[in-house]
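> Residue numbering for the sequence shown follows my numbering, starting at 586 and increasing by one per position. Got a structure here, written out as structure tokens. Questions coming.
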Amino acid sequence: MKGNDMKTSSVLPQSSPTMNDASDNAQTAYLGGASIARDRMAREAPLDAEALAAFVESDIVVVPGCYDHVERVLQALEVPYQTIQSGSLDQIDLRPEQLLVVNCPGTLTPAEIIQVRDFVAAGGTLFSTDWALRNVIEPAFPGRIEYNDRSTADDVVG
């Protein structure tokens, strides 16, 4: 979610998990996909490649989860980020130019839910994964988007 464009869906940075924490197959996929993405971006969208290379750790804040791991994709792309544990997010100031990534299951405190809502209202960008919809998006933005109580298949879309 970006600012008013809501149509769809520890305080110090901690050391990020290594790619070795992912399964070997997932690691291979992340690294292969990152290589393809970087090569293609360099050819077809060089300004985007420059922008990606300009990211600094404080530009992206990741709240880790136990199911999804967007940070592993960021690592494969060599994009710096900082990790903030759930329960500590409300102890930092989020800035509108940042990207906040909330991984599944997205368990945040009520104060952090309010912080996320205010962050997006101020122009910040929120990226969440599946269960964060129910645990973060619905309570932060009531009536905007809702979980339909149907499960999704374990398919790869592409």
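The beta carbon of each residue, even a glycine, is placed where N, CA and C say it ideally should be.
CA-CA distance, P724 and C651?
Going by the C-alpha atoms only, they are around 20 Å apart.
> For Q683, name the three-state secondary structure that DSSP assigns.
DSSP places Q683 in coil when its eight states are reduced to three.
> Rounded C-beta distance between L662 and R623? I'm assuming under 8 Å.
So it is a contact: roughly 7 Å between Cβ atoms.
> Just the Cα atoms here: how many angstroms apart are S713 and G672?
One C-alpha to the other measures close to 17 Å.
> Nearest CA to the CA of G617: which residue from Q660, N733 and G708?
Per the Cα distances, Q660.
> Looking at the unbroken beta strand (DSSP E) that takes in L711, where does it start and where does it end?
L711 -> beta strand (DSSP E) spans T710 to S713.
> Kindly give me the distance between the Cβ atoms of Q683 and V658, rounded to whole angstroms, as I take these residues to be in contact under 8 Å.
Incorrect: roughly 17 Å between the Cβ atoms, too far for contact.
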